[in-house]
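Numbering (the working numbering), first residue to last: 267 to 367.
In this text, a Cβ means the ideal position worked out from N, Cα and C, and glycines have one as well.
Since the structure is predicted, the reported quantities are computational estimates derived from the model, not experimental observations.
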């Protein structure tokens, strides 16, 4: 399984308020939420995340930068992900999940 998605967090996103005044940065938790949303778009909303055993936030994401999320499966319940703006690595790690049924 391989999934790729590109998105942009707009400068008026509610998560940016106060994070950080004058120099807005997209919170890492929002980037991880978009990784989970990418998996749910592939497998459905019933997907359950069971863990994030490894996460590295490498570079700040600024509002309105195009973020490319790539997810590759390791096995039926684990995938690795990278989040990039161009060639700049924003975040990477692994995610564990369970599918319904």
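Whole-Å CB distance - residue i paired with residue j, under 8 Å assumed
| i | j | result |
| --- | --- | --- |
| residue 332 | residue 301 | That pair is no contact at about 15 Å. |
| residue 252 | residue 357 | What is shown of the chain runs 267 to 367, which leaves residue 252 out entirely. |
For residue i, the first and last residue of its enclosing beta strand (DSSP E)
| i | result |
| --- | --- |
| residue 347 | 344-351 |
Span of the alpha helix (DSSP H) around residue i
| i | result |
| --- | --- |
| residue 286 | That residue, residue 286, is in no alpha helix (DSSP H); it is neither H nor E in DSSP. |
Helix, strand or coil at residue i according to DSSP, with G and I counted as helix
| i | result |
| --- | --- |
| residue 281 | helix |
| residue 365 | coil |
| residue 295 | helix |
| residue 275 | coil |
**Request:** Decide if the region 290-297 is in contact with the region 305-315; the criterion is three or more beta carbon pairs, one per stretch, under 8 Å apart.
**Result:** no
| Where are the beta strand (DSSP E) runs, 3 residues long or more, that stay fully inside the region 306-347, in chain order? | 314-323, 332-341
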